[in-house]
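Reading through the structure tokens given below for one structure.
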Amino acid sequence: MERLGSVLKERRLELNLTLEDMSTKTKLSVPQLQAIEEGNISFFKEDLSYLNYFVRYYANALNVNYDEIRDILDDAVTNYTDAINLSQIQKKEEISSSVREKTKQNPSRNSGMNRAKPSYRKIDIPTLGLLVLAIAIIAGMILVGVKWIIPMIGSTDPITPPPIVNPNPDKEEDKTSEEGNSQTPESPETPDQKYVVTKIDATTYEIKGWSPQEEFKFGVNIQNRSWMQFLENSKILAEPKSIIYENGATIDVSVVAEKDKVFIINFGYFSGNTITLNGQTIETDKSILNKDIVKITFRFTEGV
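Just so we're aligned, residue 0 is where the sequence shown starts under numbering that gives the first Met the number 0, counting upward by one.
Below is the structure:
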């Protein structure tokens, strides 16, 4: 982990960037970035399942090929979890040894009485408590290993290319003798739809023709497990939360249209996921279909 951190730190210094600069760029805190560069994996012991995404997000922000350092990260996580398991086993052995010692120090005082009638020994409450604690610790470690560590270590990060959905109808020129003009639709429209969505570049869209205070419903369909974040005019939304969403999840966000309002969707892993607006699928540019980190921007420009 120290070797991985030094690679990222050297790259950051080459770009003459500070940790504060990278915190602003990645939305990760300065302590998190510093722990990654120092190889301090124990800093993430409560969020170990997120470490893979943090490192990948940081590496992409520095233009470092994540695949070249992924094996280093996997080995570091494996060694750390093995060390934790070994520590728990040692604690269990110490508890068992303590129980055996106490048993030897309290032999039956009257074997004759024991033969004549049953002997009721006093329950050793402290020892019983230690045994219950040991069992709880071991059960907790097994649960964590099965739920988080094993899937993360064994993951091959599969990428299933999503179907390319083109919601745009065939563009036609509608010429009338009365008006003498032609119109080319730039986005899918329904009979009641007045707004128009225009793709400016691979990750930027403009929304025109909206009514003041009109509510737009954005949806994200998660096909590949991804960290998500939503911003309105550069302010991170409290809901939906900035967390990892599992396969099959659907996230809905309502945005009220205003002049020059900017709505941003950040993907920690974009490949295979889709975006809808008022139930209509937004066409995804082919250049970002298999990308990891993607920032999609919607701008409300001209209203009715």
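In this text, a Cβ means the ideal position worked out from N, Cα and C, and glycines have one as well.
By the DSSP assignment, the alpha helix (DSSP H) with residue i in it spans what residues?
i           : result
residue 57  : 50-60
residue 143 : 124-143
residue 25  : 18-25
residue 98  : 65-104
residue 8   : 1-13
residue 33  : 29-37
In terms of alpha-carbon separation, which member of the options lies closest to residue i?
i           : options               : result
residue 260 : 243, 204 and 220      : 204
residue 246 : 253, 262 and 219      : 219
residue 228 : 195, 269 and 83       : 269
residue 27  : 4, 8 and 56           : 56
residue 250 : 23, 256, 241 and 257  : 241
residue 223 : 127, 244, 235 and 140 : 244
residue 252 : 37, 216, 136 and 284  : 216
residue 58  : 10, 37 and 83         : 10
residue 232 : 258, 214 and 239      : 258
Determine the direct distance from the alpha carbon of residue j to that of residue i, and round the result to whole angstroms.
i           : j           : result
residue 291 : residue 146 : 24 Å
residue 206 : residue 21  : 31 Å
residue 46  : residue 88  : 23 Å
residue 17  : residue 2   : 19 Å
residue 39  : residue 193 : 54 Å
residue 43  : residue 50  : 7 Å
residue 64  : residue 131 : 47 Å
residue 210 : residue 256 : 7 Å
residue 173 : residue 276 : Note that residue 173 scores 47 on pLDDT, short of 50, meaning its location in the model is unreliable; the coordinates nonetheless yield the value given after this. Their backbone Cα atoms lie some 26 Å apart in a straight line.
residue 35  : residue 280 : 38 Å
residue 254 : residue 262 : 8 Å
residue 100 : residue 144 : 32 Å
residue 212 : residue 198 : 23 Å
residue 183 : residue 201 : The pLDDT assigned to residue 183 is 41, lower than 50, so where the model puts this residue is not dependable; a value taken from the coordinates is nonetheless given after this. Cα-Cα distance, rounded: 20 Å.
residue 301 : residue 230 : 20 Å
residue 337 : residue 283 : Limits of the chain in this structure are 0 at one end and 303 at the other, which puts residue 337 out of reach.
residue 41  : residue 75  : 11 Å
residue 30  : residue 96  : 41 Å
residue 169 : residue 196 : Interpretation of residue 169 is limited by its pLDDT of 49, a score under 50 that renders its predicted location unreliable; the figure taken from the coordinates is listed afterwards. Taking the straight line from one Cα to the other gives about 16 Å.
CB residue i to CB residue j, shorter than 7 Å?
i           : j           : result
residue 225 : residue 278 : no
residue 265 : residue 294 : yes
residue 248 : residue 221 : yes
residue 94  : residue 133 : yes
residue 60  : residue 23  : no
For the beta strand (DSSP E) that residue i lies in, which residues bound it at each end?
i           : result
residue 295 : 293-299
Starting from the N-terminal side, write out each stretch of the beta strand (DSSP E) that is 3 residues or longer and does not extend beyond the segment 198-286.
The qualifying runs are 203-207, 214-220, 225-231, 249-255, 261-266 and 273-276.
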